[in-house]
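Student:
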Amino acid sequence: MRRNRVFVIGLLAAGVIGTAGCSAQTSSASTQESTQMESAAQTTETEETTVIETVDGTIESLEESQTPALSPVILRGPVTHTEDGRLSIDSQPESAPSEGASIGTYTGEVILNISEETLILDAVNGYPVLLDDLEDGSTVYAYVGPAMTMSLPPISNAELILCQIPADFKVPDYVEIKGVVADASSGTAVLTTTAGVEYEIAQDCQILPYLTRNMVTLSDLNEGKKCLIWSDDDNVASKIVLFASEEQPIQQEG
């Protein structure tokens, strides 16, 4: 009888332990399932809240979006010689010789530094003029800068000066070439400057080198080179004087 009690008690204990084990496994499975459901819900929420923004137009690279180099400032007005060998110009409004020829202008007095690299040219024929031959009070076009000092009056370096300008004369434009497109069928070409101005070059347009004996043609009007362009009111060029680049030193006529 006693053995039977012990046996029954053992069976009851085993049943309790088995039930507890099943309960623990069920609880663990429920916990894992709950965790997986929460993780899936978070993933779904993340996917629903992720927004992809689209951009219309062309995406420029850093190199393409860099600020372009500044163009010279054009000053127009009467000049006077200073005691230290420089020039003082009283720049007048609307200094650009033709529409679109200048990126920037300045009004008021400016002191011009003159160096060996400064070109002083006759506006009619493009020939060199000595600094001492500039008459006080005569009107010139001066391409300077683009940097100026903060002093009063400001000081800037003169790159090119056009002088001896007749009344009502359209002075040539000093430009940097961006490109030239030729039309073989018509024999004409279009020169575009870095400022975006276009000039038509006809077959009879003179293309000359500055102070050299070299022969220059339309094919020598390459990107980055600078030149003087004489043109009419419609920007049809009649004469172009091409300056040698820094890599091609000027060969003076002997």
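Under mature numbering (1 follows the signal peptide of the UniProt record, and there is no 0), the letters of the sequence shown match residues -24 to -1, 1 to 230, in that order.
For every residue, glycine included, the Cβ atom is placed at its ideal position computed from N, Cα and C.
The structure presented is a predicted model; accordingly, all values stated were derived computationally and were not measured.
Buried or exposed, going by whether 16 or more other CB atoms sit within 10 Å of the CB of glutamine 140?
Tutor: For the purposes of this step, residue 140 is identified with residue 164 of the sequence shown, where counting begins at 1. Buried, since its Cβ has 16 or more Cβ neighbours within 10 Å.
Student: State yes or no: is the C-beta of isoleucine 205 within less than 8 Å of the C-beta of aspartate 159?
Tutor: Position 229 of the sequence shown holds residue 205. Position 183 of the sequence shown holds residue 159. No, they are not a contact pair.
Student: Less than 8 Å between the beta carbons of valine 55 and leucine 110, yes or no?
Tutor: If you number the sequence shown from 1, residue 55 lands on position 79. If you number the sequence shown from 1, residue 110 lands on position 134. For valine 55 and leucine 110, yes; Cβs fall inside 8 Å.
Student: Whose C-alpha, out of Thr83, Leu63, Thr58, Met126, is nearest the C-alpha of threonine 69?
Tutor: Along the sequence shown, read from residue 1 onward, the residue named residue 69 stands at position 93. Just to set this straight, residue 69 is proline in the shown sequence, not threonine. Minimum Cα distance to proline 69 is reached at Thr83.
Student: If we require 3 or more residues per run, which beta strand (DSSP E) segments fall completely within the region 85 to 127?
Tutor: Segments of the beta strand (DSSP E) lying fully in the region 85 to 127: 95 to 98, 115 to 120.
Student: State the CB to CB distance for the pair isoleucine 65 and valine 116, rounded to an integer number of angstroms; the pair is presumed to be in contact (CB under 8 Å).
Tutor: The residue given as residue 65 occupies position 89 in the sequence shown. The residue given as residue 116 occupies position 140 in the sequence shown. Rounded, the Cβ-Cβ distance is 7 Å, consistent with contact.
Student: Pull the bridge partners of leucine 133 from the DSSP assignment, please.
Tutor: If you number the sequence shown from 1, residue 133 lands on position 157. It should be noted that the sequence gives asparagine, not leucine, for residue 133. DSSP lists Asn89 as partners of asparagine 133.
Student: Helix, strand or coil for glutamate 23 per DSSP?
Tutor: The residue labelled residue 23 in the question sits at position 47 within the sequence shown. Confidence at glutamate 23 is low in this model, with a pLDDT of 46, below 50, so its placement is unreliable and no value can be given for it.
Student: What does a CB cutoff of less than 8 Å around proline 129 pick up in its chain, not counting 5 residues either side in sequence?
Tutor: As a first step, residue 129 is located in the sequence shown; it is residue number 153 there, counting from the start. Excluding sequence neighbours, proline 129 sits near Ser64, Gly84, Glu85, Val86, Ile87.
Student: Determine the extent of the beta strand (DSSP E) in which glutamate 154 is found, giving its start and end residues.
Tutor: Your numbering for residue 154 matches position 178 in the sequence shown. Looking at the sequence shown, residue 154 is not glutamate but lysine. 149 to 159 is the extent of the beta strand (DSSP E) around lysine 154.
Student: For glutamate 174 and valine 166, what's the separation of their Cα atoms in angstroms?
Tutor: Looking up residue 174 in the sequence shown gives position 198. Looking up residue 166 in the sequence shown gives position 190. Approximately 6 Å between the Cα atoms of the pair.
Student: At the level of alpha carbons, what is the spacing between isoleucine 90 and lysine 215?
Tutor: Looking up residue 90 in the sequence shown gives position 114. Looking up residue 215 in the sequence shown gives position 239. Roughly 27 Å between the two C-alpha positions.
Student: Going straight from the alpha carbon of cysteine 181 to that of valine 156, what length do you get?
Tutor: Along the sequence shown, read from residue 1 onward, the residue named residue 181 stands at position 205. Along the sequence shown, read from residue 1 onward, the residue named residue 156 stands at position 180. So the two alpha carbons sit approximately 14 Å from each other.
Student: Rounding to the nearest angstrom, what Cα-Cα distance links isoleucine 131 and valine 212 in this structure?
Tutor: As a first step, residue 131 must be located in the sequence shown, where it is residue number 155. As a first step, residue 212 must be located in the sequence shown, where it is residue number 236. Each residue's alpha carbon lies about 35 Å from the other.
Student: Take the Cβ of arginine 189 as the centre, count every other Cβ of all protein chains shown within 10 Å, and call the residue buried at 16 or more, exposed below.
Tutor: To locate residue 189, count along the sequence shown from 1; it is residue 213. The residue in question, arginine 189, is exposed, as its Cβ has fewer than 16 Cβ neighbours within 10 Å.
Student: Hey, would you say isoleucine 153 sits closer than 8 Å to threonine 164, going by beta carbons?
Tutor: On the sequence shown, position 177 is the one that residue 153 refers to. On the sequence shown, position 188 is the one that residue 164 refers to. For isoleucine 153 and threonine 164, no; Cβs fall outside 8 Å.
Student: Compute the distance between the beta-carbons of threonine 94 and glutamate 135, then report whether it is under 8 Å.
Tutor: Counting from 1 along the sequence shown, the entry for residue 94 is found at position 118. Counting from 1 along the sequence shown, the entry for residue 135 is found at position 159. Yes, the Cβ-Cβ distance between threonine 94 and glutamate 135 is below 8 Å.
Student: Where do the ends of the beta strand (DSSP E) carrying glutamate 174 lie?
Tutor: In the sequence shown, counting from the first residue as 1, residue 174 sits at position 198. First-last of the beta strand (DSSP E) with glutamate 174: 174 to 185.
Student: Classify aspartate 66 as helix, strand or coil using the three-state DSSP reduction.
Tutor: As a working mapping, residue 66 is identified with position 90 in the sequence shown. Strand at aspartate 66.
Student: From the DSSP output, which residues share a beta bridge with alanine 213?
Tutor: Taking the sequence shown and counting its residues from 1, the one referred to as residue 213 is at position 237. Ile177, Ser207.
Student: Starting from the Cα of valine 105, find the closest Cα among Pro48, Met124, Leu138, Val120 and give me that residue.
Tutor: Indexing the sequence shown from 1 puts residue 105 at position 129. It is Leu138 whose Cα lies nearest to the Cα of valine 105.
Student: Considering only C-alpha positions, which residue in the set Thr193, Tyr186, Val49, Leu107 is nearest to alanine 123?
Tutor: Locating residue 123 in the sequence shown gives position 147, counting from the first residue. For the residues Thr193, Tyr186, Val49, Leu107, the minimum Cα distance to alanine 123 belongs to Val49.
Student: To the nearest angstrom, report how far apart serine 162 and serine 207 are at their CA atoms.
Tutor: Reading the sequence shown from its first residue, position 186 is the one you call residue 162. Reading the sequence shown from its first residue, position 231 is the one you call residue 207. Distance between the alpha carbons of serine 162 and serine 207: 19 Å.
Student: Output needed for threonine 193: all residues of its chain with C-beta closer than 8 Å, excluding positions within five of it in sequence on either side, in chain order.
Tutor: Residue numbering aside, residue 193 sits at position 217 when the sequence shown is read from its first letter. The answer, listed in chain order, is Ile183.
Student: Mark alanine 99 as exposed unless 16 or more other C-beta atoms lie within 10 angstroms of its C-beta, in which case mark it buried.
Tutor: Looking up residue 99 in the sequence shown gives position 123. Alanine 99 should be labelled buried.
Student: Near methionine 126, which residues of its chain fall below 6 Å by C-beta distance, leaving aside the five closest residues on each side in sequence?
Tutor: Here residue 126 corresponds to residue number 150 of the sequence shown, with the count starting at 1. Result list for methionine 126: empty, nothing under 6 Å.
Student: In angstroms, rounded to a whole number, what distance separates the CA positions of leucine 51 and alanine 178?
Tutor: Sequence index remark: in the sequence shown, residue 51 carries index 75 (1-based). Sequence index remark: in the sequence shown, residue 178 carries index 202 (1-based). Whole-angstrom Cα-Cα distance: 30 Å.
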